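Student: One line per chain: the protein sequences are A and B, in this order. Residue 524 in the working numbering sits at position 134 of the first sequence, and the numbers go up by one each step. Residue 455 in the working numbering sits at position 114 of the second sequence, and the numbers go up by one each step. Where is the CB? At the ideal position from N, CA and C, for every residue including glycine. None of these values were measured; they are calculated from a predicted model.
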Amino acid sequence: MYLDYVIRRFSITLLVFVLAVSINFALPRLTPGDPVEQQLNQLISTSSGSIGDVKAIVESYRARFGLDQPVWRQYLDYWGMVLRLDLGFSLANYPERVGESIAAAMPWTLGLLGMATLLSFAVGTLMGGMLAWPRAPRWIGWFAAPFLVLSAIPYFLIGVVLLFVGAIVYRIFPAGGGFPFDMTPGFDGATILGIAWHATLPALSIILAQIGAWAIGMRGMIVSVLGEDYIMLAEAKGLSQRRIFLWYAVRNALLPQLTKLALTLGHLVSGAILVEVIFSYPGMGYRLYQAIQSKDFFVIQGIVLILSMSIALTMFILDLLYPLIDPRITNKRS
Amino acid sequence: MSAPVLEIADLSVRYRTPKGPAFAVDSIGFNLMPRERLGLVGESGSGKSTTVLALMRMIRPPGEISARHMRLEGRDVLALSTEELRRTRFARMSLVPQGAMSSLNPVLTIGAQFADLFAAHGQKSDTARIAKLLARVGLPAHVSSRFPHELSGGMKQRVCIALAIALTPAVILADEPTSALDVVVQKQVLATLGRVQQEIGAAIILIGHDMALMAHFVDRIGVMYAGRLVETGPVKSVFAAPKHPYTKMLIGALPSLTEKRAFQGIPGVPPSLTDRPPGCPFQTRCPAADARCRAEAPALRQVGAAHDAACHFAEAA
Ligand SMILES: Nc1ncnc2c1ncn2[C@@H]1O[C@H](COP(=O)(O)OP(=O)(O)OP(=O)(O)O)[C@@H](O)[C@H]1O
Ligand SMILES: [Mg+2]
């Protein structure tokens, strides 16, 4: 039965993948204007002197990128490239390959944003749950108002404030970058410390920006779970408060939170572009921002593709985890 | 004669509401003897579940419990510390909840829900012990590895009964344990409850709406109205000679096979629990109410052998 479920979920993931690749192929071709021509025109208008026969250059570019082929041919070629994980060249930083560019940015994003998101999820969910728990320690209550305020402040605002206070007024933390630029990254204590040092402010702004929402969401879930008959029976059975809280209340309230977590993780990059931009953090968000600014077509396309795939993949992984958290899931067809 | 397992005097439960305190349970008192079966009946909202929750000390704010005394096997339940109370629950007094359908944790197997009961009371749990308990309520051992959603309503109800007898308590509180089941299953489950109750030698308080079903099961019956106990007595004597007009109406409302007549309800609605007029709470619906009933609330007093009623006209009936 679980296998059935896995196969069903996997085929959906596969379908999402095919759609993502196809849309990613189609979108730029549907937008008016020719990226190559635009790129060149911009080059011409900004540089003094003539570049030569624009038409000829455009043609040679089109041939190089396969844009002179019929559409179905391009589509098949595109699939070939995607399957070989070859996402083409960066237009702005030719001959850098898009794949390399993404591969260089990915670990930063996963490390910083992933860790920060998971951390704020774990702490926020647990504290939000305790906020709703009648027998929780009193000090938990002090967090209610701050969480509410934090949940209403957008990422970038917290980022800007932290940057201003932590790096400009007090100069405790660096104002940007992923590691000290006078350092050659290696796998040693100094490197790790340097990286952590640079990650503190951006991580803090993500944690602060998210923790309120996690806590408020979980508080609401626990409040509704508290009225459930199984909580009442658990109390009547004489179970300890800790056991009831973790295994009866939190376990049952967790499911919607996990769905939100999967979506957040999937949207990691798009959601945190601003944080990476504010702190010039060398992750995917910052790379995407640069690519958009320089109209670096293939890089944008590549990052968007990776994004949609990562969303599909996290949803798939979560789908595999759901039945372990809520045994009722495999039975329901959704 | 042995001592009662449960002695309750002047038990009240007040809910603080914006309109003033609501007396969900109003100075009720009774004793429960070992192995005795007491039935509590009364219409919806009369305070039956609240009474049971108060006995378990599970009233949540804004509710407040008060009692002259509330002794379980001689120990005052209201004086127990939180930890003592936790250890007493289910070990000495257990509960078969009103919503058995939804009273099992959906994410834990049945076995795990037995195991955490044993663990909470410092006892070892093993599959054999759980299987034995399940067998006692007529369930196969493999139910232990099932999740609640994989069981039928009747099976869940039986699981709840098995949980309630697991630690051989002295008192079982069963709050409408069969109300969500069809008639056939209802009878079976009730029979099971009665059998295991006798096997472990516990006393039981059974709550229900169904006077007929109740009459077959209990030794003694208590009738509640607007938070008060208005009549209590041996089931035979209450059915043969009900003293309180409300009890008469409840019995009169029972459908009869021999005589076909229009279905008879009880006209009127119970009084508000917050804004309580002086006098008898039943005065607004009572055909016999007079000036005295509007001025003075009747106390529960003896009207027959072990038979009490709270009505000024009890002797006349
Ligand atoms: N939190 C609360 N605040 C105010 N009043 C409450 C609260 N909880 C319960 N009550 C009141 O207590 C009264 C008794 O409720 P209870 O659940 O004990 O009735 P019951 O006899 O078990 O009814 P049923 O047969 O429908 O189960 C009801 O009138 C209800 O409105
Ligand atoms: Mg009830």
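(1) Output the residue ranges of the alpha helix (DSSP H) runs that lie fully inside the segment 529 to 574 of chain B and measure 4 residues or longer, sorted by chain position.
(2) Note down, one range per segment and in chain order, each alpha helix (DSSP H) of at least 4 residues found wholly within the segment 531 to 569 of chain A.
(3) For B:Q454, which of B:R487, B:D560 and B:L426 has the nearest alpha-carbon?
(4) Nearest CA to the CA of B:S343: which residue from B:L352, B:L373 and B:D351?
(5) Give me every residue whose Cβ sits closer than 5 Å to any heavy atom of ligand 1, in chain order.
(6) Rounded to a whole number of angstroms, what is the C-alpha to C-alpha distance between A:A565 and A:L417?
(7) Give the DSSP bridge partners of A:H588, in chain order.
(8) Under a CB-based cut-off of 9 Å, is A:W523 close to chain B?
(9) Does any C-beta atom of chain A lie closer than 9 Å to the C-beta of B:S435?
(10) The beta strand (DSSP E) spanning B:M434 covers which residue range?
(11) Could you tell me whether any Cβ in chain D is nearer than 9 Å to the Cβ of B:L458?
(12) Please indicate yes or no: does the CB of B:Q439 lie closer than 8 Å to some heavy atom of ligand 2?
(13) Run through chain A and tell me which residues come within less than 7 Å of B:F431, C-beta to C-beta.
(14) If you count every other CB in all the chains shown that lies within 10 Å of the CB of B:Q464, and 16 or more means buried, which is it?
(15) Let me check one thing: in DSSP terms, what residues is B:E348 bridge-paired to?
(16) Report yes if the C-beta distance between B:A363 and B:T615 is below 9 Å; otherwise report no.
(17) My output table needs one value for B:H483: the three-state DSSP class, helix, strand or coil.
(18) Ligand 2 and B:I548: does any heavy atom of the ligand fall closer than 8 Å to the residue's C-beta?
(19) Alpha carbons only, please: which of A:L708, A:V472 and A:Q691 is nearest the one belonging to A:L481?
(20) Our contact map puts B:A408 next to B:T391 with C-beta atoms below 8 Å; I'd like the distance itself, whole angstroms only.
(21) Below 9 Å on C-beta distance, what does A:D716 contact in chain B?
(22) Contact check, A:Y395 vs A:P713 under 8 Å by CB: the rounded distance?
(23) Check each candidate in B:M434, B:V559, B:A350 and B:H550 and name the one with the smallest Cα separation from B:I506.
(24) To the nearest angstrom, how far is the alpha carbon of B:L554 from that of B:P583?
(25) Give a yes or no on whether 9 Å exceeds the smallest Cβ distance from B:R642 to chain A.
(26) Are the beta-carbon atoms of A:Y676 and A:A599 separated by less than 9 Å?
(27) Does the Cβ of A:E618 lie closer than 8 Å to at least one heavy atom of ligand 2?
(28) Is B:G386 helix, strand or coil when you go by DSSP?
(29) Spell out whether any CB of chain B is found under 9 Å from the CB atom of A:I641.
(30) Could you check if A:L583 is buried or exposed, using at least 16 other CB atoms within 10 Å of its CB as the buried criterion?
(31) Is A:W368 close to chain B, meaning its C-beta is less than 9 Å from at least one C-beta of that chain?
(32) Interface residues of chain B around A:W532 at Cβ under 7 Å?
(33) Determine the closest residue to B:V644 out of B:A636, B:P618, B:T588 and B:E572, with distance taken between C-alpha atoms.
(34) Grouping DSSP H, G and I as helix and E and B as strand, with all else coil, what is B:D417?
Tutor: The short version:
(1) The segment 529 to 574 of chain B contains these whole alpha helix (DSSP H) runs: 552 to 558.
(2) Considered as a whole, the segment 531 to 569 of chain A harbours 534 to 542 and 545 to 552 as its complete alpha helix (DSSP H) runs of no fewer than 4 residues, in chain order.
(3) The candidate whose alpha carbon is nearest that of B:Q454 is B:R487.
(4) Proximity to B:S343 across B:L352, B:L373 and B:D351 peaks at B:L373, based on C-alpha coordinates.
(5) Going along the chain, the residues that qualify are B:Y356, B:A363, B:A365, B:S385, B:G386, B:S387, B:G388, B:K389, B:S390 and B:T391.
(6) In a straight line, the C-alpha of A:A565 is about 37 Å away from that of A:L417.
(7) Residue pairing for A:H588: DSSP places it in no beta bridge.
(8) Residue contact with chain B for A:W523: absent (no Cβ-Cβ distance below 9 Å to any residue of chain B).
(9) At a cut-off of 9 Å between beta carbons, B:S435 contacts chain A.
(10) If you look at B:M434, you'll find it in the beta strand (DSSP E) that goes M434 to V437.
(11) Absent from the structure: chain D. Protein chains present are A and B.
(12) Because some heavy atom of ligand 2 lies under 8 Å away, the Cβ of B:Q439 counts as near it: yes.
(13) Those within 7 Å of B:F431 in chain A are A626, K627 and G628.
(14) Answer is exposed; the Cβ neighbour count stays below 16.
(15) B:N372 and B:R412.
(16) In this structure, B:T615 lies closer than 9 Å to B:A363 by Cβ.
(17) Assignment of B:H483 by DSSP, reduced to helix, strand and coil, places it in the helix class.
(18) At least one heavy atom of ligand 2 falls within 8 Å of the beta-carbon of B:I548.
(19) For the options A:L708, A:V472 and A:Q691, the alpha carbon positioned closest to that of A:L481 is the one of A:Q691.
(20) 13 Å between Cβ atoms; not a contact.
(21) P447 and V448, listed in chain order.
(22) Sure, about 7 Å apart at Cβ, within 8 Å.
(23) In terms of Cα proximity to B:I506, the closest of B:M434, B:V559, B:A350 and B:H550 is B:M434.
(24) If you take the alpha carbons of B:L554 and B:P583, they lie about 17 Å apart.
(25) So no, B:R642 is outside the interface.
(26) For A:Y676 and A:A599, no; Cβs fall outside 9 Å.
(27) Every heavy atom of ligand 2 is 8 Å or more from the Cβ of A:E618, so no.
(28) Taken through DSSP and simplified to helix, strand or coil, B:G386 comes out as coil.
(29) In the sequence as displayed, the identity of residue 641 of chain A is Arg instead of Ile. Yes, because at least one Cβ of chain B sits closer than 9 Å to the Cβ of A:R641.
(30) Classification of A:L583: exposed, given that the 10 Å Cβ count is below 16.
(31) It is not possible to answer for residue 368 of chain A, since the shown part of chain A is limited to 391 through 724.
(32) Against chain B, a Cβ distance below 7 Å from A:W532 picks out nothing, because the smallest value is about 21 Å.
(33) When only C-alpha atoms are compared, the closest one is B:E572.
(34) Here DSSP, grouped into helix, strand and coil, assigns B:D417 to strand.
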